[in-house]
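The structure appears below as C-alpha cells.
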Amino acid sequence: MINYLTFSYRLVRADSFYIFYFFLAIGMGVIVGSFASRAFERRGLRGCMFSGVLILHVITALVILSPEDTYKDMVFRKNNTMYTLTNCKVSAFDAQQGFNGRKDAWSCPDGITRYLPVKYRPEGSSSEYKMQ
0 MINYLTFSYR LVRADSFYIF YFFLAIGMGV IVGSFASRAF ERRGLRGCMF
50 SGVLILHVIT ALVILSPEDT YKDMVFRKNN TMYTLTNCKV SAFDAQQGFN
100 GRKDAWSCPD GITRYLPVKY RPEGSSSEYK MQ
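Residues in the sequence shown are numbered consecutively from 0, following numbering that gives the first Met the number 0.
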C-alpha cells in the first residue's frame, strides 16, 4: 500500500490532472458512503459503513489507475521525447494526420522513426517553406 501511495504522490507531482481524479474518487466515496450509512440506525455502524465505503472507493481508484505503471510510462514517454529532440532530425512534415492531430516523422540514429506532434517542430521550419 505504501508503494501505491508513493507513486500516487509522484504522479500528482508530475501531472496535476491526477488531483482531479483522486478528488473525484473521494467525492464519489463520500456520496455513496452517506447514502449507504443511512440504512443503519446506530451511530457506530453508520460511521463504520461510511468509512468502509470511502476506503473502498479510494482503493478502487488506486487499483484502476495503477500509479506505478502510469508514472513509469509517463517518465518513459518524457525521456523518449527528450531523446528524439536531441538526437533526431525531422524527416517528414505532417507524416501522420488524424484524430490525434498532426505529427512529424523524426528519423533517429538508432534506425527507429518516431512521430512527435507539430509543437515539437524546430523553430524556423515549416511544411510551407519546404514545399516551395
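Note that beta-carbon positions come from the ideal geometry of N, C-alpha and C, so glycine has one too.
| Check | Outcome |
| --- | --- |
| I need the boundaries of the alpha helix (DSSP H) containing Lys-102, first residue and last residue. | Unbroken run through Lys-102 is the beta strand (DSSP E), 102 to 106; no alpha helix (DSSP H). |
| Helix, strand or coil: how does DSSP classify Ala-91 here? | strand |
| With the cut-off set at 8 Å, would you say Ser-7 and Leu-61 are in Cβ contact? | yes |
| Can you name, in chain order, every residue of its own chain whose Cβ lies under 7 Å from the Cβ of Glu-127, other than the five neighbours on each side? | With a pLDDT of 49 at Glu-127, under the threshold of 50, the modelled position of that residue is not reliable, and the figure given next carries that caveat. No residues qualify anywhere along the chain. |
| Taking three-plus beta-carbon pairs below 8 Å as touching, is the region 80 to 88 in contact with the region 108 to 115? | yes |
| Going by beta carbon distance, what residues of the same chain come within less than 6 Å of Met-130, once the five residues before and after it are set aside? | Only weak support is given to the placement of Met-130: the predicted model assigns it a pLDDT of 43, under 50, and the value that follows is read from those uncertain coordinates. If we look at Met-130 and ignore the five residues flanking it on each side, it has no Cβ neighbours. |
| Nearest-angstrom Cα distance between Ile-25 and Gly-51? | 12 Å |
| Would you report the Cα separation of Ala-38 and Gly-28, rounded to the nearest angstrom? | 16 Å |
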